[in-house]
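Novice: Taken in order, the first sequence gives residues 7 to 944; the numbers are from my numbering.
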Amino acid sequence: MGFGKGCHLHLIDGSAFIFRAYHALPPLTRKSDGLPIGAVAGFCNMLFKYVEGWNGNDAPTHAAVIFDYSSKTFRNEIYPEYKANRPELPEDLRPQFPLTREATRAFNIACIEREDYEADDIIATLAREAREAGGRVTIISSDKDLMQLVGNGVEMLDAMKNRRIGVDEVVEKFGVKPDKVVDVQALAGDSVDNIPGAPGIGVKTAALLIQEYGDVENLLAHAEEIKQPKRRQTLIDKAEQIRISRKLVELDAHTPMDEKLDDLEVQDPKPEELLTFLAQMEFRTLSKRVAEKLGAEPPVIPEPSAAAPAADAAPLPEQAPIDPEKYERVGDAEALNRWVEVIRERGCVAVDTETTSLDEMVAELVGISLCVEPGQACYIPVGHRAVGGEAADDLFGSDELAEGQMALEEALAILKPVLEDDAILKIGQNMKYDAKIFARHDVAVAPIDDTMLLSYALNAGKHGHGMDVLSERYLDHKPIPIKSLLGSGKAAITFDRVAIGDAVKYAAEDADITLRLWQLFKPQLHRARVTTVYETLERPLVPVLAEMEMNGVLVDRDTLSRMSNAFAQKMAGLEAEIHELAGENFNVGSPKQLGEILFDKMGLEGGKKGKTGAYATGADVLEDLAAEGHALPARVLDWRQLSKLKSTYTDALQEHINPETGRVHTSYVQTGANTGRLASTDPNLQNIPVRTEEGRRIREAFVAPEGKVMLSLDYSQIELRILAHVAGLAEMKQAFRDGLDIHAMTASEMFNVPIEGMDPMVRRQAKAINFGVIYGISGFGLARNLRIPRSEAQGFIDRYFERFPGIKAYMDDTTAFAKEHGYVQTLFGRKIHTPEINSKGPTAGFARRAAINAPIQGAAADVIRRAMIRMPAAIDGLPAKMLLQVHDELLFEVDADAVDPVIARVKEVMEGAAEPAVKLDVPLTVDAGQGANWAEAH
DNA sequence: GACATCACG
DNA sequence: GACGTACGTGATGTCC
7 MGFGKGCHLH LIDGSAFIFR AYHALPPLTR KSDGLPIGAV AGFCNMLFKY VEGWNGNDAP
67 THAAVIFDYS SKTFRNEIYP EYKANRPELP EDLRPQFPLT REATRAFNIA CIEREDYEAD
127 DIIATLAREA REAGGRVTII SSDKDLMQLV GNGVEMLDAM KNRRIGVDEV VEKFGVKPDK
187 VVDVQALAGD SVDNIPGAPG IGVKTAALLI QEYGDVENLL AHAEEIKQPK RRQTLIDKAE
247 QIRISRKLVE LDAHTPMDEK LDDLEVQDPK PEELLTFLAQ MEFRTLSKRV AEKLGAEPPV
307 IPEPSAAAPA ADAAPLPEQA PIDPEKYERV GDAEALNRWV EVIRERGCVA VDTETTSLDE
367 MVAELVGISL CVEPGQACYI PVGHRAVGGE AADDLFGSDE LAEGQMALEE ALAILKPVLE
427 DDAILKIGQN MKYDAKIFAR HDVAVAPIDD TMLLSYALNA GKHGHGMDVL SERYLDHKPI
487 PIKSLLGSGK AAITFDRVAI GDAVKYAAED ADITLRLWQL FKPQLHRARV TTVYETLERP
547 LVPVLAEMEM NGVLVDRDTL SRMSNAFAQK MAGLEAEIHE LAGENFNVGS PKQLGEILFD
607 KMGLEGGKKG KTGAYATGAD VLEDLAAEGH ALPARVLDWR QLSKLKSTYT DALQEHINPE
667 TGRVHTSYVQ TGANTGRLAS TDPNLQNIPV RTEEGRRIRE AFVAPEGKVM LSLDYSQIEL
727 RILAHVAGLA EMKQAFRDGL DIHAMTASEM FNVPIEGMDP MVRRQAKAIN FGVIYGISGF
787 GLARNLRIPR SEAQGFIDRY FERFPGIKAY MDDTTAFAKE HGYVQTLFGR KIHTPEINSK
847 GPTAGFARRA AINAPIQGAA ADVIRRAMIR MPAAIDGLPA KMLLQVHDEL LFEVDADAVD
907 PVIARVKEVM EGAAEPAVKL DVPLTVDAGQ GANWAEAH
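1) Which value, in whole angstroms, describes the spacing of the CA atoms of Pro-487 and Ala-513?
2) Where does Thr-931 sit, in a helix, a strand or coil, going by DSSP?
3) Is any heavy atom of the ligand SAH found at a distance shorter than 7 Å from the C-beta of Arg-545?
4) Just reading off the beta strand (DSSP E) that Cys-117 is part of, what are its end residues?
5) For Cys-50, name the three-state secondary structure that DSSP assigns.
6) Taking contact to mean at least 3 C-beta pairs separated by less than 8 Å, is the segment 159–178 in contact with the segment 142–149?
7) With distances taken Cα to Cα, identify the nearest neighbour of Ser-570 among Ala-824, Thr-654 and Leu-526.
8) Return the chain-ordered ranges of every alpha helix (DSSP H) run that is complete within the segment 695–737 and spans a minimum of 4 residues.
9) Please report the residue range of the beta strand (DSSP E) in which His-14 lies.
10) Whole beta strand (DSSP E) runs in the segment 96–173 with 3 or more residues, listed along the chain?
11) Grouping DSSP H, G and I as helix and E and B as strand, with all else coil, what is Met-874?
12) In or out: Gly-575 buried (at least 16 other Cβ within 10 Å) or exposed?
13) Quick check: the Cα distance between Asn-436 and Ala-417, rounded to an integer number of angstroms?
14) From which residue to which residue does the beta strand (DSSP E) around Phe-898 run?
15) Which residues does DSSP pair with Asp-744 in a beta bridge?
16) State the CB to CB distance for the pair Gly-467 and Pro-104, rounded to an integer number of angstroms; the pair is presumed to be in contact (CB under 8 Å).
17) Using C-beta distances below 8 Å, list every residue in its chain close to Trp-645, excluding the 5 sequence neighbours before and after it, in chain order.
18) Does the distance from the CB of Leu-152 to the CB of Asp-126 come in under 8 Å?
19) Around the Cβ of Phe-786, are there at least 16 other Cβ atoms within 10 angstroms (buried) or fewer (exposed)?
20) Determine the direct distance from the alpha carbon of Leu-897 to that of Ala-413, and round the result to whole angstroms.
21) Kindly indicate the opening and closing residues of the beta strand (DSSP E) around Glu-842.
22) Going by the DSSP bridge assignment, what does Met-888 pair with across the sheet?
23) What whole-angstrom Cβ distance do Glu-895 and Ser-686 have, given they're in contact under 8 Å?
24) For the alpha helix (DSSP H) that Ala-943 lies in, which residues bound it at each end?
25) For Ser-38, name the three-state secondary structure that DSSP assigns.
26) Considering only the beta carbon of each residue, do Leu-193 and Ile-242 sit closer than 8 Å?
27) To the nearest angstrom, how far is it from the Cα of Leu-31 to the Cα of Leu-631?
28) Would you mind reading off the limits of the beta strand (DSSP E) that contains Tyr-385?
29) Identify the continuous beta strand (DSSP E) that holds Ser-649 and give its terminal residues.
30) Using the Cβ count rule (16 or more neighbours within 10 Å means buried), how would you classify Gly-601?
31) Suppose contacts are defined by Cβ-Cβ distances below 8 Å. Is Ala-934 in contact with Lys-913 by that definition?
32) Do Phe-834 and Ala-860 have their C-beta atoms closer together than 8 Å?
33) Which same chain residues, not among the five before or five after Gln-154, have their C-beta less than 6 Å away from its C-beta?
34) Does DSSP classify Lys-925 as helix, strand or coil?
35) Using 8 Å as the threshold, is the segment 217–228 in touch with the segment 258–277, meaning 3 or more CB pairs across them?
36) Counting C-beta neighbours from all protein chains within 10 Å, is the total for His-260 16 or more, i.e. buried, or is it exposed?
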């Protein structure tokens with residue numbers, strides 16, 4: 007088909023794909039020979055995903071991937087410094103370039119590059135030709151240098167964000183229409199491409215100038231008229247430099263080309279060619295996916311021999327590929343005993359349980375899988391339901407147990423001695439879950455190792471630690487998705503309804519993967535110097551958390567229910583009032599509708615739209631409006647507070663009361679936060695309200711049973727104390743030793759005012775600064791928090807750094823350490839990786855502040871973990887149970903007559919938790935509270 | 001499922 | 001020189 011009217015040309019910016027792929031993936035190498043192929047892998051994945059997305063009206067009729075031929079182009083003739091500040095290509099990326107061309111051809115997409123020209127010039131040329139032929143063009147790229155081409159049927163598409171870039175988006179970015187973009191770029195310059203532009207003029211200013219004068223030439227001709235003296239002089243002095251800049255940024259839409267549009271017609275990939283290429287690259291997962299899509303046989307990719315281990319991985323014994331067809335179904339005692347024999351020989355086994363629920367407190371055990379060496383795994387079904395006969399037309403199966411299973415009691419009787427044997431290591435992925443299931447059947451699993459925690463100790467900050475992620479990343483294998491067995495949404499079934507044959511494959515595979523991950527990770531602990539972290543902060547915490555979760559906390563349903571009703575009444579009143587004030591009915595819970603009412607209909611000032619184009623209606627915005635005397639936003643704030651309390655707390659918590667225990671059992675995620683903090687889910691009991699009076703009353707529903715007392719002990723200012731220690735802040739350390747009010751002391755140092763009779767406002771500001779430091783302070787952030795001008799906030803910070811010079815040094819040292827090593831460390835050796843610390847743009851700011859915060863937040867998290875791990879032994883024999891952890895607080899339930907000894911014991915453990923590993927220069931102090939409920943105890 | 005909002009330390 | 005910024009979480013409701 008010739009290219010013409012009705013045709014749609016896709017032009018893909020190949021270099022952008024390559025760099026994105028390179029930076030998004032770890033340095034993968036081809037298993038058989040160590041060839042770097044990370045970027046190629048990412049490139050192929052992106053290309054495949056992109057081609058898969060072709061459908062409907064927007065599918066291209068023609069397409070091509072455009073590459074840069076080399077880094078030298080005609081622009082270097084004009085200006086030798088062009089792109090001269092680009093960092094050297096990474097060593098392992100260069101050899102991958104030719105492979106990306108091959109990959110493109112393998113996908114049967116045209117592949118274009120031209121000596122002396124940039125990919126952008128070729129794109130400009132093809133776009134022009136396509137437009138002139140009457141067709142449409144989509145450029146797959148987010149490069150701002152291509153934005154000058156937008157308009158007249160040419161659009162860009164940011165494939166990663168799936169965001170279309172049309173004329174409006176270009177105007178948003180450059181302040182001018184696409185045809186004036188080069189003029190703005192010529193003035194603003196570009197540090198990335200080393201385009202000089204006009205010094206002192208950025209995009210904003212450039213857009214204003216071009217809006218007024220039309221283009222660069224006219225502006226330069228009228229430079230004398232510019233009012234601002236500095237700007238005028240720049241335009242006069244740098245006229246030639248600006249003209250050159252314009253030449254550099256303007257794309258050449260008349261690049262000489264051999265390729266014709268007609269040659270670029272979209273064609274289906276040839277399965278054989280594509281799969282052959284993917285097999286050569288040894289992309290196992292992608293090959294399978296592509297083969298499936300094309301309806302072809304996946305290629306056989308031989309596993310490499312142990313003689314040629316991948317460069318970055320530990321040498322592993324030769325391994326059988328993961329093959330779910332080879333797992334054994336264990337149906338009787340004889341078979342199970344054979345497995346037990348092997349386990350006893352080996353001394354370790356990977357274990358996984360299948361159940362009917364993610365909530366361990368209600369889940370029923372359905373089956374157990376075991377793996378003794380890679381590829382050798384089995385599944386012991388014990389609770390699968392019989393599937394109804396087809397003739398019975400029974401969609402739900404029956405309640406009868408399926409045939410050919412061992413009785414649960416029989417299986418457990420055989421396994422219990424193994425699971426409890428000190429000499430046999432039980433390996434699991436998220437073992438806390440399985441241990442709790444077994445605990446409900448009176449089996450105390452120990453000792454254990456946990457691949458999720460191994461990954462967390464080794465790789466916190468790099469990626470998640472779920473099995474799917476780990477398997478794909480480290481074993482290059484995509485596990486059978488649970489959804490393929492259970493379905494999803496409303497139609498989802500529970501695992502006991504899964505056919506046993508399918509369950510064997512899925513469950514045994516999980517155990518197989520777990521064992522392989524363990525073999526990979528365990529030896530790495532030592533090399534990465536995190537053995538101590540794993541052995542003292544991760545592994546021993548598992549049984550402690552399991553016990554706390556099983557304890558649960560008593561929650562009084564009636565209290566919650568009464569509060570829900572009261573909230574509902576108040577909300578109804580507020581809602582009526584709000585509708586009255588608005589003059590119409592609308593959904594108060596919809597920020598979108600609220601924004602339109604406030605800023606469009608009522609015309610209030612201060613409406614700011616976020617990136618999605620909706621008005622911001624956050625609490626800060628509404629508070630400002632309320633302060634100006636507007637009634638509606640004030641009512642909405644009240645309504646929102648009640649709505650939050652009702653839906654998230656008083657309503658939802660009732661749902662979480664376990665019918666058997668009458669208590670609420672949260673789950674702690676040990677690997678949830680990169681810093682070492684725990685996360686609490688289902689429900690989250692770490693964010694129960696406390697800051698407002700109305701919210702705090704929800705804590706009255708967390709009660710101690712008859713004859714017992716709630717006890718709350720929390721560290722005082724633990725993060726600031728750790729900061730004082732690690733940053734060596736002499737004054738602050740002394741203040742803590744003297745037991746002073748630390749925020750008042752800070753204020754006194756900074757503003758030279760006495761602590762006695764201090765203005766509370768001054769203390770509040772000092773407090774905000776103290777917190778700000780922990781968060782990686784910025785003038786902007788502090789200004790917003792204190793609602794003061796930015797310059798004033800910056801002044802505070804400067805003064806603070808002057809008074810406490812250790813702070814600045816700590817921040818700089820920590821940033822430098824992160825940049826050099828790619829991680830930061832807590833006092834206790836926990837490593838938190840900071841993969842984005844060396845990136846460009848706003849991301850770097852985030853990464854830097856996170857890097858500054860992590861050692862402080864992380865060390866505090868380590869301290870309370872150490873306390874928790876020692877707690878069971880410390881309160882052994884006392885009538886006390888540890889129930890909850892809220893980052894710096896521990897909550898206990900204690901017999902009323904034993905409160906004092908428990909407080910004494912717990913306090914001692916918490917205050918001494920850093921030792922003996924670390925001797926802090928400041929004391930850790932703990933405050934205790936007690937009462938009939940959490941509100942009183944806190 | 002993304003986004004906005006808001007609860008906690 | 002401009003840009004966008006406090007750190008770490010989880011749950012809920014709206015909207016597409």
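Ideal Cβ positions, reconstructed from N, Cα and C, are used throughout, including at glycine. Owing to the predicted nature of the structure, the values given are computational and were not obtained by experimental measurement.
Specialist: Let me lay it out:
1) Position 481 of the first sequence holds residue 487. Position 507 of the first sequence holds residue 513. If I take the Cα positions, the gap works out to 11 Å.
2) For this step, residue 931 is matched to residue 925 along the first sequence. Thr-931: coil per DSSP, three-state reduction.
3) This structure simply doesn't include the ligand SAH, nor any ligand for that matter.
4) The residue you call residue 117 lines up with position 111 of the first sequence. Unbroken beta strand (DSSP E) run through Cys-117: 116–118.
5) Translated into the one-based positions of the first sequence, residue 50 becomes position 44. Note: Cys-50 maps to helix in three-state DSSP.
6) yes
7) Within the first sequence, the letter at position 564 stands for residue 570. Ranking the options by Cα distance to Ser-570, first place goes to Thr-654.
8) 699–702 and 724–732
9) For the purposes of this step, residue 14 is taken as residue 8 along the first sequence, with counting starting at 1. From DSSP, the beta strand (DSSP E) with His-14 extends over 14–19.
10) Fully enclosed beta strand (DSSP E) runs of no fewer than 3 residues occupy 116–118, 142–146, 160–164 and 169–171 of the segment 96–173, in order along the chain.
11) Looking up residue 874 in the first sequence gives position 868. Of the three classes helix, strand and coil, the one that applies to Met-874 here is helix, per DSSP.
12) Taking the first sequence and counting its residues from 1, one reaches residue 575 at position 569. Here residue 575 is Gln; the residue named in the question, Gly, does not match the sequence. By the neighbour-count rule (16 or more Cβ atoms within 10 Å), Gln-575 is not buried but exposed.
13) By 1-based counting over the first sequence, the position of residue 436 is 430. By 1-based counting over the first sequence, the position of residue 417 is 411. Asn-436 and Ala-417 have their C-alpha atoms roughly 22 Å apart.
14) Position 892 of the first sequence, counting from 1, holds the residue named residue 898. Unbroken beta strand (DSSP E) run through Phe-898: 895–901.
15) What you label residue 744 is simply residue 738 of the first sequence in a count that begins at 1. According to DSSP, residue pairing for Asp-744 in a beta bridge does not occur.
16) Counting from one through the first sequence, the residue named residue 467 turns up at place 461. Counting from one through the first sequence, the residue named residue 104 turns up at place 98. Contact flag wrong, Cβ pair sits at about 34 Å.
17) Counted from its first residue, the first sequence places residue 645 at position 639. Cβ within range, chain order: Met-577, Leu-580, Glu-581, Ile-584 and Val-594.
18) Translated into the one-based positions of the first sequence, residue 152 becomes position 146. Translated into the one-based positions of the first sequence, residue 126 becomes position 120. Yes, the pair counts as a contact, with Cβ atoms nearer than the cut-off.
19) Here residue 786 refers to the residue found at position 780 of the first sequence. Exposed: under 16 other Cβ atoms inside 10 Å.
20) As a position in the first sequence, residue 413 is number 407, starting the count at 1. As a position in the first sequence, residue 897 is number 891, starting the count at 1. Their backbone Cα atoms lie some 40 Å apart in a straight line.
21) On the first sequence, residue 842 is found 836 positions in, with the first residue counted as 1. Here Glu-842 belongs to no beta strand (DSSP E), and DSSP marks it neither H nor E.
22) Locating residue 888 in the first sequence gives position 882, counting from the first residue. Paired residues: Phe-898.
23) Translated into the one-based positions of the first sequence, residue 895 becomes position 889. Translated into the one-based positions of the first sequence, residue 686 becomes position 680. Actually they do not touch by this definition, with Cβ atoms about 12 Å apart.
24) The sequence position of residue 943 within the first sequence is 937, counting from 1. First-last of the alpha helix (DSSP H) with Ala-943: 940–943.
25) Position 32 of the first sequence, counting from 1, holds the residue named residue 38. Coil at Ser-38, not helix or strand.
26) What you label residue 193 is simply residue 187 of the first sequence in a count that begins at 1. What you label residue 242 is simply residue 236 of the first sequence in a count that begins at 1. For Leu-193 and Ile-242, no; Cβs fall outside 8 Å.
27) Taking the first sequence and counting its residues from 1, the one referred to as residue 31 is at position 25. Taking the first sequence and counting its residues from 1, the one referred to as residue 631 is at position 625. Near 46 Å, if we compare the C-alpha coordinates of Leu-631 and Leu-31.
28) On the first sequence, residue 385 is found 379 positions in, with the first residue counted as 1. Note, Tyr-385: beta strand (DSSP E), 382–387.
29) As a first step, residue 649 must be located in the first sequence, where it is residue number 643. Element bounds for Ser-649: not the beta strand (DSSP E) but the alpha helix (DSSP H), 637–650.
30) Here residue 601 corresponds to residue number 595 of the first sequence, with the count starting at 1. The residue in question, Gly-601, is buried, as its Cβ has 16 or more Cβ neighbours within 10 Å.
31) The residue you call residue 934 lines up with position 928 of the first sequence. The residue you call residue 913 lines up with position 907 of the first sequence. Result yes, Cβ atoms of Ala-934 and Lys-913 sit closer than 8 Å.
32) Here residue 834 refers to the residue found at position 828 when the first sequence is read from its first residue. Here residue 860 refers to the residue found at position 854 when the first sequence is read from its first residue. The answer is no: Cβ separation not under 8 Å.
33) Counting from one through the first sequence, the residue named residue 154 turns up at place 148. Pro-184, Val-187 and Val-188, listed in sequence order.
34) The count along the first sequence starts at 1 and reaches residue 925 at position 919. Here Lys-925 sits in coil by DSSP.
35) no
36) Translated into the one-based positions of the first sequence, residue 260 becomes position 254. Under this definition His-260 is an exposed residue.
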